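Residue numbers (this note's numbering): 914 to 1633.
Positions of the beta carbon are idealized from the N, C-alpha and C atoms, including for glycine.
Source: prediction; values computed, not measured.
Structure first, commentary second.
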Amino acid sequence: MKDTMAYTDDRLQVVKKDGRVVPFYIEHIVNDLRSADRVFSLAMNESEIMQISNEVLRHLLDKTTGNQIESSQVFQAVQDTLEEKNLKPLLAAFREFKDVQQEQIDDALSVDVAIAKFEHKDPNLMNENGNRDTATFSGEREALIGSVYKAKGLQMYPPAVRRGHIKGLIHLHDLDRSPFSALPNCSLPDFEYLLSHGFDLGNAHIRPPQSIGVAANLIATLMLAISGEQFGGISVHRIDEILAPYAEKSFQKNRAMFAEYIDDDKALDEAAKKKTLIDIRDAMQTLEYQINTMSSSSSQVPFTTVSFGLSEDWYGREIQKAILETRLEGMDGQTAIFPKLLFFVQEGLNFSPDDPNYDIKQLAMRCAQKRIYPDMIAVPRITELKDGNIITAMGCRSFLHPWVNEHYEPEIVGRNNLGVVSMNLPRIALQSEGDIDTFFEKLRQATELTLQALKVREDVVLSAPIAAAPIMYSQGGLGDPTGKESVRDFYTGKNLKRSSISVGYIGIHNAMVALSGNQHWHEDDEWVAVSHRIFDVIQEVIDLHQDEFAAMVTIYATPSESLCDRFARLDRQRFGAIGGVTSHSYYENSFHFPSDTNIDPFSKIHFESEYMKNTPGGFMFYVEAPDLQGNPKAFEALWDEAYHNVGYFGVNTPSDECFVCGFTGEFDCDEKGYFCPSCENRDPDKASVVRRLCGYLGVPMKRPVVSGKAEEIANRVKHC
């Protein structure tokens, strides 16, 4: 590790504008002067900036009684020092730079500025969500509403939190929904309870279904309703097992119908099974079409996931096959985006050729080779991490923690996440100037700030009336509502820690490059150990505050879609273009190996697998692969290697198609977007291009993403 000077001075503490008392960091002055110098092209050399910064420190020590100073005194000391040295251009640049910073803070809190961004079609606003089409009236409306909600939501946070968000130290996710509205995040609703007990929706009372077709229809209806009661993903846990009893009801109805014409029991059962197979296939096709044609209250297709793969009976097996065959067939030949498909793999059931459900694993792999989904869930790895429980991911990658009820029974469904706030690890590293002790002290402070923000979110969620989310609260989406008279009752008392709330992070790779100065830090065991220590420090701070929360605070590997762009953009403005850190227009996602660096897929899996235990609140692993439809053994080798090492795994393989010339494979991409390499077709209505944005798929030809994410996708190398 490189030697560095200490960047704190124990003789001084700074009282921030919000009342917090923090150590004095001389590098804050250094970074401000560097930024002012770079932005206004003054060409000061590094030694001059360091000399000025040290003189500011001496100035403060000479004129301060005691060890505490106001942040305004530091600002004034910098100006006084620059005036004394007659550095008028740098003084003017410094003042202008600080004015711009304050203007950015003021603008972020202004509803008028929010509306102006919408009116001018700011691409960072219009393209921030690859699942929302802002070219439509409803998409435009939601972009406008979301922009206003962000400004109003920011005003609800303490000054330190909103300044941290605006400057890019932390990120308050889903500001277009929370905390101005008391919506929770993603969920694992209790669909079994809802279907078996019936529910009220709109003006109708829905009775328990008596066939698989109606049951599947009601699941889609519930997904749409729930999407208006939260802002994240909705997952159906083990849908094959939920729907199997309704498939059996269909079988019994079919058998009764055919009994009028068929006397032989064996022939009767065969006829009823054939009709039930048609019913199952129709139900799964209906579910897929309904989900992909729905538009939620936020003007996007509800972010939905279904998990399956552990059924062994005839009904469950046929439901699994119907899900996969429907996805493989495509929607008019095109790859469906939702629901995400998660396929459980378990030795002895479907892992090996001798296993009874191995044929379904083969079908799942064929589907993934052509349609990217399903992703693979390795049951042993999940149960090892989750105290023996099989838990379905919510949204992009959020995993709930093991939880037992008052009867000491594990509960998986009827639970949710209350929100995420993410930390900008590269910024913390850049501010620390390579000093490890400073980095970890700043990391502790950033984690404290993140927890402050999460507490605001939790308090708002718990303050909502039950009527605000009837499906989830009063109808049984969060389990049996008996005895629960307020939203708080769902999260406190005997239900304490039933839900999660997440401390997210982004850019392990970029942060480690900033600290080590080495873009190949992965090859140095000492620096790899430092990267893992990051999580220990975050967890230490969480543990100090865990009892202050009703939900379980967990560490979460943020799936950064637009955030990878935002953090990198803000830091490039602040620190300039630094090779391997801010030199791209994006930061690397969570703990992932750098996307533009070649590595074989097995090595990538092995390297990243060590981070799974560090982020139990959410994680995902994937590799980039060429078209493997002609090489199923290679594809299975990837799945099997991942099965032994990680819990949640996907293969990003080309699934593009040109409807003009018939080309299938991978489209090329330039500054104008995607095009067919065969006939150069760029018409989004005459082609299908699908990419994994973060945890879910997007169609970038039709719905552009922010520039940083677009560059990251384009830079992904094939791991082969």
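### Task
Report the three-state DSSP secondary structure of Met-918 (helix, strand or coil).
As a working mapping, residue 918 is identified with position 5 in the sequence shown. The predicted model places Met-918 with a pLDDT of 39, which falls under 50 and marks its position as unreliable; any figure quoted below should be read in that light. Reduced to three states, the DSSP call for Met-918 is coil.
### Query
Can the beta-carbon of Ile-1468 be found closer than 7 Å to that of Ser-1444?
On the sequence shown, position 555 is the one that residue 1468 refers to. On the sequence shown, position 531 is the one that residue 1444 refers to. Not in contact: Ile-1468 and Ser-1444 (Cβ atoms no closer than 7 Å).
### Query
What residues match up with Cys-1582 in a beta bridge as DSSP calls it?
The residue labelled residue 1582 in the question sits at position 669 within the sequence shown. Per DSSP, Tyr-1587.
### Message
Need the endpoints of the alpha helix (DSSP H) that Thr-1351 sits in, please.
### Response
Counting from one through the sequence shown, the residue named residue 1351 turns up at place 438. Counting along the chain, the alpha helix (DSSP H) containing Thr-1351 begins and ends at 1349-1375.
### Message
For Leu-1457, count the other beta carbons within 10 Å of its own beta carbon; 16 or more makes it buried, fewer makes it exposed. Which is it?
### Response
Reading the sequence shown from its first residue, position 544 is the one you call residue 1457. Exposed, since its Cβ has fewer than 16 Cβ neighbours within 10 Å.
### Message
Quick check: what's the CA-CA separation for Met-914 versus Trp-1440?
### Response
Along the sequence shown, one-based indexing puts residue 914 at 1. Along the sequence shown, one-based indexing puts residue 1440 at 527. In this prediction, Met-914 scores a pLDDT of 41, lower than 50, which makes its location untrustworthy; no coordinate-derived value is stated.
### Task
Give me the Cα-Cα distance between Glu-1486 and Ala-1342, rounded to the nearest whole angstrom.
Mapped onto the sequence shown, residue 1486 falls at position 573. Mapped onto the sequence shown, residue 1342 falls at position 429. Sequence inspection shows Gln at residue 1486; the Glu mentioned does not correspond to that position. Computed Cα separation, rounded: 16 Å.
### Query
With a cut-off of 8 Å, do at least 3 Cβ pairs link the region 1138-1158 to the region 1365-1380?
no
### Query
Run through DSSP, which three-state label would Tyr-938 get?
Counted from its first residue, the sequence shown places residue 938 at position 25. It is a strand residue.
### Message
For Val-1013 and Ala-1281, which I take to be in contact (beta-carbon distance under 8 Å), what is that distance rounded to the nearest angstrom?
### Response
Residue numbering aside, residue 1013 sits at position 100 when the sequence shown is read from its first letter. Residue numbering aside, residue 1281 sits at position 368 when the sequence shown is read from its first letter. So it is not a contact: roughly 48 Å between Cβ atoms.
#### Entry: Distance CB(Pro-1097)-CB(Leu-1331) smaller than 7 Å
What you label residue 1097 is simply residue 184 of the sequence shown in a count that begins at 1. What you label residue 1331 is simply residue 418 of the sequence shown in a count that begins at 1. For Pro-1097 and Leu-1331, yes; Cβs fall inside 7 Å.
### Limits of the alpha helix (DSSP H) - the one that Leu-1329 falls within
Taking the first residue of the sequence shown as 1, we reach residue 1329 at position 416. Before going on, a small fix: residue 1329 reads as Asn here, not Leu. Not the alpha helix (DSSP H): Asn-1329 falls in the beta strand (DSSP E), residues 1328-1337.
### Message
DSSP three-state label for Met-1525, please.
### Response
The residue given as residue 1525 occupies position 612 in the sequence shown. The answer is helix: DSSP assigns Met-1525 an H, G or I state.
### Query
Between Arg-1151 and the ligand GDP, is the CB less than 6 Å from at least one heavy atom?
No copy of the ligand GDP appears in this structure; indeed no ligand is present at all.
### Message
Am I right that Leu-1088 and Leu-1067 are in contact with their C-beta atoms under 8 Å? What's the rounded C-beta distance?
### Response
The residue labelled residue 1088 in the question sits at position 175 within the sequence shown. The residue labelled residue 1067 in the question sits at position 154 within the sequence shown. About 7 Å separates the two Cβ atoms, so the contact holds.
### Query
Start and end of the beta strand (DSSP E) containing Phe-1257?
For the purposes of this step, residue 1257 is taken as the residue at position 344 of the sequence shown. Run containing Phe-1257: 1253-1258, per the beta strand (DSSP E) assignment.
### Task
Note down the Cα distance separating Ile-1500 from Glu-1549, rounded to an integer number of angstroms.
Position 587 of the sequence shown holds residue 1500. Position 636 of the sequence shown holds residue 1549. It is Tyr, not Ile, that sits at residue 1500 in the sequence shown. Answer to the nearest angstrom: the Cα atoms are 30 Å apart.
### the region 1268-1285 in contact with the region 1314-1334 per 3-pair CB rule at 8 Å
no
### Message
If you measure between the beta carbons of Ala-1007 and Ala-949, is that distance less than 7 Å?
### Response
Counting from one through the sequence shown, the residue named residue 1007 turns up at place 94. Counting from one through the sequence shown, the residue named residue 949 turns up at place 36. Residue 1007 is actually Phe in this sequence, not Ala. Cβ distance < 7 Å, so Phe-1007 and Ala-949 count as in contact.
### Beta-carbon proximity of Pro-1252 to Thr-1217, cut-off 7 Å
Indexing the sequence shown from 1 puts residue 1252 at position 339. Indexing the sequence shown from 1 puts residue 1217 at position 304. Going by C-beta atoms, Pro-1252 is nearer than 7 Å to Thr-1217.
### Message
Between the region 1286-1296 and the region 1115-1129, can you find at least three pairs of beta-carbon atoms closer than 8 Å?
### Response
no
### First through last residue of the beta strand (DSSP E) which encompasses Asn-1167
For the purposes of this step, residue 1167 is identified with residue 254 of the sequence shown, where counting begins at 1. It is not in any beta strand (DSSP E) - Asn-1167 instead sits in the alpha helix (DSSP H) that spans 1152-1171.
### Message
Alpha carbons only, please: which of Asp-1583, Phe-1093 and Gly-1578 is nearest the one belonging to Ser-1591?
### Response
What you label residue 1591 is simply residue 678 of the sequence shown in a count that begins at 1. Checking every option, the nearest Cα to that of Ser-1591 belongs to Gly-1578.
### Residues near Ser-1429 in its chain [Cβ-Cβ closer than 6 Å; skip 5 each side]
Against the sequence shown, residue 1429 aligns to sequence position 516. So the list reads Trp-1440, once near-sequence residues are dropped.
### Query
Roughly how many whole angstroms lie between the Cα atoms of His-972 and Asp-993?
In the sequence shown, residue 972 corresponds to position 59, counting from 1. In the sequence shown, residue 993 corresponds to position 80, counting from 1. Each residue's Cα considered, the two are about 9 Å apart.
#### Entry: Whether Pro-1507 touches Cys-1607 by CB criterion (7 Å)
One-based indexing of the sequence shown puts residue 1507 at position 594. One-based indexing of the sequence shown puts residue 1607 at position 694. Going by C-beta atoms, Pro-1507 is not nearer than 7 Å to Cys-1607.
#### Entry: Close beta carbons around Leu-1313, own chain, < 6 Å, minus the five adjacent residues each side
Mapped onto the sequence shown, residue 1313 falls at position 400. Within the same chain, Leu-1313 has close Cβ partners Ile-1304, Arg-1328 and Ser-1413.
### Query
Just checking my contact of Pro-1514 with His-1632 at CB under 8 Å: how many whole Å lie between their CB atoms?
Sequence index remark: in the sequence shown, residue 1514 carries index 601 (1-based). Sequence index remark: in the sequence shown, residue 1632 carries index 719 (1-based). Confirmed, Cβ separation roughly 4 Å.
### Query
Just how far apart, CA to CA, sit Tyr-920 and Val-1061?
Locating residue 920 in the sequence shown gives position 7, where the first residue counts as 1. Locating residue 1061 in the sequence shown gives position 148, where the first residue counts as 1. Low confidence applies to Tyr-920: its pLDDT is 49, below 50, so where it sits in the model is not reliable enough to give any reading.
### Query
Is there contact here, the region 1116-1124 with the region 1348-1363, by at least three beta-carbon pairs under 8 Å?
no
### Residue closest to Arg-1370, alpha-carbon to alpha-carbon, out of Tyr-1070, Pro-1315 and Ser-1387
If you number the sequence shown from 1, residue 1370 lands on position 457. The candidate whose alpha carbon is nearest that of Arg-1370 is Tyr-1070.
### Query
Can you give the Cα-Cα distance for Trp-1434 and Asn-999, rounded to whole angstroms?
Taking the first residue of the sequence shown as 1, we reach residue 1434 at position 521. Taking the first residue of the sequence shown as 1, we reach residue 999 at position 86. For Trp-1434 and Asn-999, the distance between alpha carbons rounds to 43 Å.
### Query
Taking the alpha-carbon positions, what's the Ser-1109 to Gly-1396 distance?
The count along the sequence shown starts at 1 and reaches residue 1109 at position 196. The count along the sequence shown starts at 1 and reaches residue 1396 at position 483. Approximately 19 Å, taken between the alpha carbons.
### Query
What do you get for Thr-978, buried or exposed, if any count of 16 or more other CB atoms within 10 angstroms of its CB means buried?
On the sequence shown, residue 978 is found 65 positions in, with the first residue counted as 1. Exposed is the call here.
### Query
Which term fits Met-1170, buried or exposed, when burial requires 16 or more other beta carbons within 10 angstroms of its beta carbon?
Walking along the sequence shown from the start, residue 1170 turns up at place 257. Result: exposed.
### Task
Taking 8 Å as the threshold, find out whether the region 1596-1616 comes into contact with the region 1244-1259 through three or more Cβ pairs.
yes
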